[in-house]
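What follows is a single structure, written as structure tokens, with notes after it.
As structure tokens, then:
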């Protein structure tokens, strides 16, 4: 679901994810309106600050990267990338710098040409501490950006890495200096400028009616060519169900998070299609390994590895995934996804064995003394809470299923369903017993180091929320990442994964697929696994299949008026 | 003056039927563990038995967790009715206490208390409840009852106050006082009996109101928590797929409408009887 | 005065709650603690509560309701765009329900004891016992799903509205308004009908009615000319009571139909811990209710000849 996905600024290595449709040549007349039904408003439309899926989609169409990820989806080195804002680039002799040359015809939507200064400015913004960009930590390897001449920007690196090019070319969306420079970084977020993005992309921003719609229109004079659609609109619903219904009833053309229960609906409707493909998400129920009240001590219940393993054994993960997702997800294997070439689909798991779990709990001293169905040990009942964000139907369902399965094993689980902001806050503060977590992971398996490595435990901004610390895991991951030989790499990853799986800091649950519903009149371009919208500018609608709203034409641009002004009917 | 017995006699025929229906529902709810065919929290087959439409084995179908909806509705009756009842008790107590104190004290204290009451009345009950409940994430049923009760006493206290004021002026009070009767005696002999009727009406309609509120709050997701069953959260569980899982909205909804209707009939009948005398 | 009280209560309640507005945009673990503290400082959330409240009270005096974090706009602006939608809905429902309710009551009383009376009585009983959202869900299913006559939600068609002509836009708004208004109206009408029927029945035996009958007026004329006017008085006070009920109903209905009014705003504001917006909504809601009952009181005083001294 949109609000809980992390923005994917990264790409898979080595996965093909295409679902194009039949190729008839597009008509001379571009046109048509694409309506995307979504349950959330974008948070901000400023590339350096955004963190919601909608904002990511909109900004990626209105702004440009220096280079785009190619269809082979390789992010190592620079071979897999295609030119975007930068039409060519060259490496320094020592590979510690890359010079990007800006396309001579690149223009901002207000007419000014794109300059190297814009690149330098963008980097300054992304790394500024007052601005606080979520992507700041990802740019750590870039020492500085300098301007060689008005159309060449040079990135200087601290050290060589497989992702050097990616860091510079794809992590940032280039923003116009002349628009932003009058505003101090700390005032960007609430600023009026931020609500009317000026980019260089193939679409230009048209309007944003809060909680209702965002509209972008084709930039017909764009240096990379005009899009084949005239406009794209995000139709915003207050909740998930309304958003799906809008798609099913024909008020919108696309919905990107179809659930199994909608498949029958879609199948019945001859005008709708579904594209499913592997994605980069994995969900789990994590244990808090530390005591909530005193972070220096282990959790009174979950500090024990054996107990965690026993609880894991009591949960029938395969059945849960089948029940909640039907065929739209596979059981998760660990802190990785099958999309990685280095993942072994047969990675050993802790088996499901209720009787074994019960025996193990008995042997650990957890017994039900008073016949209430809940085990106790030394006076402490096996009772804890499971934190879930209410915005994710799948997680809520899995939580209720786990609750019952653990009840069979003699544990009492309280499902605490909270709104997403509270969930995020409590996860960050580590005030939970168990939490239904999930990651929309990076392209590289290295993402697991951030989420499960020791460094992520101590730092306040670290994202190892369960506080799992294992030197063995860290070491195996590090060697795996540095290894160049593929077979050895894979073996090292397998070893790292085995360590963490057997330590059971979380019950690995599901690896959901992406299921995107779309109207049949749309002719789609290949949909990239991590960002199906990346080629939206190349989607088109045959003239003879257009419907009334395709021909409606863009709404009047919102005048730069007072913030309170509303459109009059 | 309407004693409980005379009150019953004063009920219309329809109201008596309604009372009987309510009693039946209450009995079923009370004996839930015996009456319900399955354990309401059991999830026997989460892959194969989820979302089944009504059938012989599951007259009300199953939910997305393969739980039997009929059993959940029965247990839900128990919980929803209990919450309604207890919350109303809280409201009644508070309402009578507040109103009696205000009416008896009179003067400045009375005026002040009424101002506060006005302000409290100005906030729609639901908004107040949403604000309170959404803030606390892990709400026990007891706390839910408390908050529901805390927000429902305003109207009754007005009526009670009115009664007390009227009583204060009444002649027989002054004469009783002159005769030396203690305050408490006056309260017991004269005030309380006069309150029975409005309290009975308030209680009946109050329970109905609380049930509707609790169902509404559970539907919004801030009422009763899993795996407990209440009519509201059964509807909530099925609210994603209202069309395909229609049995999850229909049955609890019907039962709820039935219960509330019966309560309304009884309450209105009592009110008519009270007004008529 | 009432406003002040309401504001205080809301402020206290919301600040008792766990959670913090700056959890809201946190989907990314890379947002640092320092940054969040910075934002908190910016918005003044790190000051002691009393100071926050003092500042808030001062702002209120200038009708400045603060800044809404989740909408990135001033609270006043958010409510200003949401309020008209709710007022529209409530207004239509108010008129509709009273008109329909009174009409039904008249019919019932005119044919008192007949089958129609009993049918309508039963119907109004069922409807007034029904929870708003359940009826709304049924209506939604029936008229947008099984019989796709009306649009699924919202106030206007997000995509097409601006490109329609004036007439088209009016129609668009009406189509979107139809179901939510219908739902709210019918349920409220049931309550009004029951109330009015009882009021009319009370009035009918009155002396002046008997006099009118003796004078030879037809039953219908009696109803219309005398009974109704006198039975209207309690109706007017009902208007005052109707406001909170309609507002409550509007919350659920706005949620089911995604109608962008105050109810929906409040529900989502609480989810995002947007304190200023929550307090703002509750205050505005309470003001609406108070104004409503004030108007009702005034109307009552005007309409009641006894009070007017006529």
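Residue numbers (this note's numbering), protein chains in the order written: chain A, 6 to 574; chain B, 1203 to 1479; chain C, 247 to 556.
From the three backbone atoms N, C-alpha and C, an ideal C-beta is built for every residue, glycine too.
Proximity test, Cβ basis, 9 Å: residue i and chain B
i, result
"residue 420 (chain A)", "yes"
"residue 555 (chain A)", "no"
"residue 8 (chain A)", "Caution applies to residue 8 (chain A), whose pLDDT of 33 falls short of 50 and renders its modelled position unreliable; the model cannot decide the point."
"residue 382 (chain A)", "no"
"residue 432 (chain C)", "no"
"residue 42 (chain A)", "no"
"residue 271 (chain A)", "no"
Whole-number beta carbon distance between residue j and residue i, since they are thought to touch under 8 Å
i, j, result
"residue 279 (chain A)", "residue 263 (chain A)", "6 Å"
"residue 477 (chain A)", "residue 504 (chain A)", "5 Å"
"residue 1267 (chain B)", "residue 406 (chain A)", "6 Å"
C-beta contact flag for residue i and residue j at 9 Å
i, j, result
"residue 1228 (chain B)", "residue 375 (chain C)", "no"
"residue 595 (chain A)", "residue 260 (chain A)", "The structure shown does not extend to residue 595 (chain A), since chain A spans only 6 to 574, so no value can be given for it."
"residue 387 (chain A)", "residue 438 (chain A)", "no"
"residue 50 (chain A)", "residue 199 (chain A)", "yes"
"residue 181 (chain A)", "residue 152 (chain A)", "no"
"residue 38 (chain A)", "residue 234 (chain A)", "yes"
"residue 333 (chain A)", "residue 485 (chain A)", "no"
"residue 105 (chain A)", "residue 159 (chain A)", "yes"
"residue 326 (chain A)", "residue 336 (chain A)", "yes"
"residue 527 (chain A)", "residue 538 (chain A)", "no"
"residue 347 (chain C)", "residue 434 (chain C)", "yes"
"residue 53 (chain A)", "residue 143 (chain A)", "no"
"residue 35 (chain A)", "residue 231 (chain A)", "yes"
Neighbour flag for residue i against chain C, beta carbons, 9 Å
i, result
"residue 254 (chain A)", "yes"
"residue 1441 (chain B)", "yes"
"residue 1451 (chain B)", "yes"
"residue 29 (chain A)", "At residue 29 (chain A), the pLDDT of 37 sits below 50, so the modelled position is not reliable; the number obtained from the coordinates is stated separately. Output row for residue 29 (chain A): interface = no."
"residue 1352 (chain B)", "no"
"residue 244 (chain A)", "yes"
"residue 504 (chain A)", "no"
"residue 1471 (chain B)", "no"
Contact test: residue i Cβ vs the ligand GTP heavy atom, cutoff 8 Å
i, result
"residue 38 (chain A)", "No copy of the ligand GTP appears in this structure; indeed no ligand is present at all."
Spatially closest choice to residue i from the options, by CA coordinates
i, options, result
"residue 1218 (chain B)", "B:1448, B:1322, B:1468, B:1475", "B:1468"
"residue 536 (chain A)", "A:62, A:47, A:53", "A:62"
"residue 310 (chain A)", "A:300, A:71, A:292, A:326", "A:292"
"residue 1351 (chain B)", "B:1328, B:1275, B:1370", "B:1328"
"residue 547 (chain C)", "C:486, C:500, C:534", "C:486"
"residue 1294 (chain B)", "B:1461, B:1458, B:1436, B:1399", "B:1399"
"residue 1363 (chain B)", "B:1433, B:1322, B:1243, B:1299", "B:1299"
"residue 1369 (chain B)", "B:1359, B:1407, B:1353, B:1394", "B:1394"
"residue 299 (chain A)", "A:436, A:228, A:315, A:254", "A:436"
"residue 1330 (chain B)", "B:1354, B:1279, B:1344", "B:1354"
Chain A within 9 Å of residue i, Cβ atoms only
i, result
"residue 1446 (chain B)", "yes"
"residue 1214 (chain B)", "no"
"residue 390 (chain C)", "yes"
"residue 510 (chain C)", "yes"
"residue 1249 (chain B)", "yes"
"residue 426 (chain C)", "no"
"residue 527 (chain C)", "no"
"residue 1396 (chain B)", "no"
Chain E contact for residue i (CB, 9 Å cutoff)
i, result
"residue 488 (chain C)", "This model lacks chain E altogether, as its protein chains are A, B and C."
What runs of the alpha helix (DSSP H), each 4 residues or longer, lie entirely inside the segment 349-419 of chain A?
Taking only runs of at least 4 residues, the alpha helix (DSSP H) segments lying wholly in the segment 349-419 of chain A are 359-368, 398-413.
Those runs of the beta strand (DSSP E) which lie wholly inside the segment 514-553 of chain A and span at least 3 residues
The qualifying runs are 519-524.
Entirely enclosed alpha helix (DSSP H) segments - the segment 1215-1283 of chain B, minimum 4 residues
The alpha helix (DSSP H) runs of length 4 or more contained entirely in the segment 1215-1283 of chain B are, from start to end of the chain, 1215-1232, 1234-1237.
Just list the alpha helix (DSSP H) runs in the segment 57-119 of chain A, keeping only unbroken ones of 4 residues or longer that don't cross its boundaries, in chain order.
58-67, all fully within the segment 57-119 of chain A.
Which runs of the alpha helix (DSSP H) fall wholly inside the segment 114-200 of chain A and span at least 4 residues, in chain order?
The alpha helix (DSSP H) runs lying completely inside the segment 114-200 of chain A and spanning 4 residues or more are 121-132, 169-175, 182-185, given in chain order.
Which runs of the alpha helix (DSSP H) fall wholly inside the segment 330-381 of chain C and span at least 4 residues, in chain order?
Here the runs fully enclosed are 361-374.
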